[in-house]
Amino acid sequence: MPLPSEVEKAAKSGSEYELYKALLLNFGKRGDKAFEYLKDKRVKRYKDFFVVVGKEEYIVEGNFCTCPDFLVNLKGKSPCAHIIAVEVAKITGNYDRVDAYYVDYPDDILKKKK
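Take 54 as the starting number for the sequence shown in the working numbering and just add one per residue.
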C-alpha cells in the first residue's frame with residue numbers, strides 16, 4: 054500500500070509533529086492510532102512478518118492485517134491503523150527487530166486468542 058506523498062514526506066522529515074499532522078489529515082482516527090503505535094514502539098519486525106501490538110498482536114503482511122477492523126469494518130478495501138503504522142515504520146526504521154520467526158511461537162499466538 055503506497056502511502057500518500059505528504060505522509061511519506063513527513064515520515065522522512067523526522068518531525069513527529071509533521072508526521073502526526075499528515076497521518077491525521079489523511080487517515081483520521083486510524084492515522085492517530087498508527088502514530089500511537091509508532092510512538093509507543095509497538096511495531097515489531099520478525100523474520101517472516103511485521104507484527105503490531107494492539108489489544109492483541111496483529112500480523113501485517115503487505116496490504117493485509119489480521120485485525121477485526123481490517124477484516125470486518127474495512128473489508129480489506131482500506132488500510133487499518135496497523136498497516137499504516139508498518140508502512141511508516143518501514144520508512145522511518147522505527148520498529149523493533151526480532152531475530153526469530155513469528156510462526157515459531159504458535160502456543161503464544163493461540164493463548165492470546167482465548
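All C-beta atoms in this analysis are idealised placements derived from N, C-alpha and C, irrespective of residue type, glycine included.
| request: Identify every run of the beta strand (DSSP E) within the stretch 87-153, keeping only runs that are complete inside it and at least 3 residues long; order them along the chain. | output: Fully enclosed beta strand (DSSP E) runs of 3 or longer: 96-98, 103-106 and 110-114.
| message | By the three-class DSSP mapping on this structure, what secondary structure does Ser68 have? | response | Here Ser68 sits in coil by DSSP.
| query | How many Å lie between Ile136 and Asp157 at the Cα? | reply | Ile136 and Asp157 have their C-alpha atoms roughly 22 Å apart.
| request: Give the straight-line distance between the Cα atoms of Gly4 and Asp101, rounded to the nearest whole angstrom. | output: The chain is shown from 54 up to 167; residue 4 falls before or after that span and cannot be answered.
| For Met54, which three-state DSSP category applies? | In the structure shown, Met54 sits in coil (DSSP, three-state: anything other than H, G, I, E or B).
| query | Among Leu56, Pro57, Gly129 and Glu89, which one has its Cα closest to the Cα of Tyr70? | reply | Among Leu56, Pro57, Gly129 and Glu89, the Cα nearest to that of Tyr70 is on Glu89.
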